[in-house]
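Numbering (the working numbering), first residue to last: 0 to 536. Beta carbons are placed, not taken as given, at the ideal position from N, Cα and C, and that holds for glycine. Since this is a predicted model, take the numbers as computed values, not measurements.
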């Protein structure tokens with residue numbers, strides 16, 4: 000889903016000169032060729048499915064078929080991502096200095112934070128509570144009472160009273176004090192530093208130059224998703240699936256345009272990787288992609304118009320690993336030159352498009368999450384990484400291998416580490432209590448639509464988005480008002496005696512009823528999942 004804004008991305012021509020290259024924050028190491036699903040004779044024995052078919056020469060070929068084996072391997076190298084030098088020599092490249100806690104993670108959009116209630120969030124299953132104090136300052140604590148092991152947010156006790164009222168001699172014992180986390184509000188996003196031992200490293204705090212440029216217009220959305228953050232990142236950096244999965248969702252996504260792509264990786268380090276990509280026929284690759292640890296993807300296009308002025312179109316994806324099989328994505332799309340069509344649509348409509356894009360991928364990504372969890376094998380034994388589509392995916396899983404020593408759990412290209420404890424699944428109670436708990440992420444309320452369910456658009460996005468919640472509320476109020484006026488018009492039509500006046504009031508009633516139906520359709524657009532229709536091509 001390296002897809003840019005559906006009403007922004009099409010304003011640029013298909014082939015453009017390469018833009019200037021932003022650098023990763025750490026010194027890149029010399030680039031190694033991307034990983035290959037077929038690595039050496041030993042690993043071929045463990046390959047399943049299509050991989051077994053491709054490795055048939057190694058598994059069963061007699062010695063006198065060496066020429067056939069070489070020919071098969073040459074064919075593989077033409078279409079499959081090639082192995083790194085470490086893999087060829089049976090070695091592993093590991094960044095021993097990586098520590099997942101010593102990173103900044105995106106928590107929430109600043110504009111969507113509740114002003115008068117705590118917000119429960121997680122990072123790798125670490126439960127946090129975020130809120131504003133009396134002076135409006137952001138505070139973040141571990142969502143756990145040190146006196147009794149319960150979540151203060153769920154108990155509606157969010158002030159760290161124990162840390163305030165406990166005698167000082169007790170607070171010498173760290174177990175008697177609430178654990179706090181450093182947070183920063185940067186460019187409209189709240190970030191948290193997860194380490195208690197190491198002071199926050201502000202140099203690692205992501206900064207995006209384009210979003211501070213004059214005249215740069217952008218919109219932001221947040222989504223909670225039912226699959227692992229590594230699968231989310233894979234999907235967001237995969238441009239090849241866009242024409243197929245998101246056919247006709249935006250102006251640039253069309254199934255008939257699916258074709259081989261070309262990739263050029265220019266940087267690779269323990270902090271991430273960067274490179275260009277585009278259609279295989281492009282002389283100059285127009286798109287630039289940068290992945291920066293632990294979960295930032297920037298997808299950018301830059302051109303110079305006939306007047307010599309530079310224009311940018313940017314898709315920014317900020318990913319938070321909330322826990323096993325769970326993740327959060329903050330999406331930000333912007334450009335220095337918006338399409339005229341983009342100005343005709345309200346912001347909530349773009350949020351609807353973002354929700355639709357996630358729902359189009361929901362089925363196969365959830366299934367992929369299930370298979371990776373069940374198989375418990377690295378991706379080189381499960382994936383068929385093609386040069387024409389999967390270079391970024393292979394680079395990402397290779398990066399996971401390099402930083403695996405500093406991750407709580409991971410599935411890499413050639414390594415895997417399972418979580419120490421299985422995920423705890425919380426089941427919401429049925430009835431009124433479920434309605435109250437589902438109405439908003441922070442505050443309870445009666446009259447909500449759905450029980451918490453991440454496959455549902457309302458719970459996955461609307462409760463986290465202040466703008467969409469207000470839009471849904473406004474349309475519901477307007478719908479009620481229009482239905483009331485329509486009922487009055489029908490009543491007046493019954494009471495008046497003249498046929499002409501009866502027709503006028505009945506027509507008015509029909510118009511108001513149509514308006515109520517439109518409001519209902521708008522609410523459904525913001526709260527109902529996209530359902531893919533299977534049709535013959």
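Check                                                                                                                                                                                       : Outcome
Can you have a look at residue 553 and say buried or exposed, based on whether 16 or more other CB atoms are within 10 angstroms of its CB?                                                 : Residue 553 lies beyond the stretch modelled for the chain, which goes from 0 to 536, so this question has no answer here.
If contacts are defined as beta-carbon pairs under 8 angstroms, then residue 230 and residue 315 qualify, I think. What distance do you get, rounded to the angstrom?                       : Not quite, the Cβ-Cβ distance comes to about 19 angstroms (not below 8 angstroms), so this is no contact.
Count the other CB atoms within 10 Å of the CB of residue 432; is the residue buried (16 or more) or exposed (fewer)?                                                                       : Since pLDDT at residue 432 reaches only 45, below the 50 mark, its modelled position is unreliable, and the value read off the structure follows with that caveat. Exposed: under 16 other Cβ atoms inside 10 Å.
Look at residue 320 and residue 228 and say whether their C-beta atoms are less than 7 angstroms apart.                                                                                     : yes
Pick from 268, 488, 204: whose alpha carbon is nearest that of residue 503?                                                                                                                 : 488
With C-beta atoms as the reference, is residue 412 less than 7 angstroms away from residue 396?                                                                                             : yes
Would the stretch 519–532 and the stretch 350–361 be scored as touching if the rule is three or more Cβ pairs under 8 angstroms?                                                            : yes
Between the alpha carbons of residue 482 and residue 415, how many angstroms are there, rounded?                                                                                            : 58 angstroms
Give me the DSSP bridge partner(s) of residue 298.                                                                                                                                          : 288, 314
Would you check if there are 3 or more beta carbon pairs closer than 8 angstroms linking the stretch 463–471 to the stretch 107–114?                                                        : yes
Taking Cβ to Cβ, would you say residue 243 is nearer than 7 angstroms to residue 254?                                                                                                       : yes
Compare the Cα-Cα distances from residue 196 to each of 126, 285, 178, 484 and report the closest residue.                                                                                  : 178
Would you call the stretch 207–217 and the stretch 324–333 touching, i.e. three or more CB-CB distances under 8 angstroms?                                                                  : yes
Taking the beta strand (DSSP E) that residue 126 belongs to, which residues open and close that run?                                                                                        : 125–131
Where do the ends of the beta strand (DSSP E) carrying residue 542 lie?                                                                                                                     : Because the chain is modelled from 0 through 536, residue 542 falls outside the range shown and cannot be assessed.
If I measure Cβ to Cβ from residue 529 and keep anything under 7 angstroms in the same chain, skipping five residues before and after, which residues do I get?                             : 355, 358, 359
Using a Cβ-Cβ cutoff of less than 8 angstroms, which residues in the same chain neighbour residue 186 once the five nearest sequence positions on both sides are dropped?                   : 206, 207, 210, 211
Kindly indicate which three-state DSSP category residue 218 falls into: helix, strand or coil?                                                                                              : strand
Leaving aside the five residues before and after residue 232 along the sequence, list all residues of the same chain whose C-beta is less than 7 angstroms from its C-beta, in chain order. : 294, 296, 318, 395
Taking a contact to mean a Cβ-Cβ separation below 7 angstroms, would you say residue 322 touches residue 121 in this structure?                                                             : yes
Would you list the one or two residues that DSSP bridges to residue 190?                                                                                                                    : 105, 183
By how many angstroms is the C-alpha of residue 262 removed from the C-alpha of residue 280?                                                                                                : 12 angstroms
In whole angstroms, give me the CA-to-CA distance for residue 469 and residue 189.                                                                                                          : 22 angstroms
Look up residue 262 in the DSSP assignment and give the residues it is bridged to.                                                                                                          : 276
Please classify residue 366 as buried or exposed, where buried requires at least 16 other C-beta atoms within 10 Å of its C-beta.                                                           : exposed
Following the continuous alpha helix (DSSP H) through residue 494, name the residue where it begins and the one where it ends.                                                              : 465–494
Less than 7 angstroms between the C-beta atoms of residue 485 and residue 511, yes or no?                                                                                                   : yes
Let me know the secondary structure DSSP gives residue 116 once reduced to three states.                                                                                                    : coil
One question on the structure: do residue 140 and residue 269 come within less than 7 angstroms of each other, judged by their Cβ atoms?                                                    : no
For residue 224, list the residues DSSP reports as bridge partners.                                                                                                                         : 326
Taking the C-alpha atoms as reference points, what is the distance between residue 238 and residue 500?                                                                                     : 60 angstroms
Can you tell me whether residue 252 is helix, strand or coil according to DSSP?                                                                                                             : coil
Can you check which of these residues, 274, 224, 406, is closest to residue 327 by C-alpha distance?                                                                                        : 224
Do residue 387 and residue 259 count as a contact pair if the criterion is CB distance below 7 angstroms?                                                                                   : yes
Determine the closest residue to residue 274 out of 251, 392, 192, 368, with distance taken between C-alpha atoms.                                                                          : 392
What separation, rounded to the nearest whole angstrom, lies between the Cα atoms of residue 252 and residue 245?                                                                           : 6 angstroms
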